[in-house]
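Taking the working numbering, I'd label the letters of the sequence shown as residues 167 to 294.
Below is one structure, written out as structure tokens; comments come after it.
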Amino acid sequence: MAIRWLAAQRKNGSNCKAALIEMKYGDSALTGSASLLKHLKDMEKLVSNQDSYARLLETMESQFNQLDELGLLKFNKGTSNAKVKLNADEKPEVIFIVANHNPRSPKLKTILSDPEIDKYAQSELFDL
């Protein structure tokens, strides 16, 4: 989990957006029981459950603001003391980080060309 808060928008804490990140290490992690597609389905299920998603955002806000108050975060917030406020109606970002991928392997290209994956790229629930 992460919070996207652009430097130019830090005067107001409500300009934040939730980001849900999944790290995949190696080509073997792209398929199977924890595949990219499985994670996208899980993200869709999470974000579509309004109560669970709202609770997750509240937890993210609280944790970020506590870390900031304790001085454990280092970022340029200027003169603003804005607190992070996440809006459940704002689409979160879903980010996959793929490390140690063999660029000669067709595995990732094959996965990304799957029409089922493409439907998530057009999701109304999150930005992929």
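The C-beta atom is built at its ideal place from N, Cα and C for all residues, glycine as well.
Checklist entry - Hey, alanine 254 and tyrosine 286: beta-carbon distance below 8 Å or not? => result no
Item to check | Spatial neighbours of tryptophan 171 in its chain, beta-carbon cut-off 6 Å, leaving aside the 5 residues before and after | outcome: Cys182
Checklist entry - Thinking just about the alpha-carbon of each residue, which of Ser228, Val260 and Leu274 is nearest to the one in aspartate 193? => result Leu274
Next on the checklist: What residue range does the beta strand (DSSP E) around arginine 170 cover?
Outcome noted: 168-170
Checklist entry - Does the separation of the CB atoms of proline 258 and phenylalanine 230 fall below 8 Å? => result No, the Cβ-Cβ distance between proline 258 and phenylalanine 230 is not below 8 Å.
Checklist entry - How is alanine 265 classed by DSSP in three states: helix, strand or coil? => result Look at alanine 265 here: in three-state DSSP terms it is strand.
Checklist entry - Which two residues bound the contiguous alpha helix (DSSP H) that contains leucine 212? => result 202-214
Checklist entry - DSSP state of glutamate 259, grouped into three classes? => result strand
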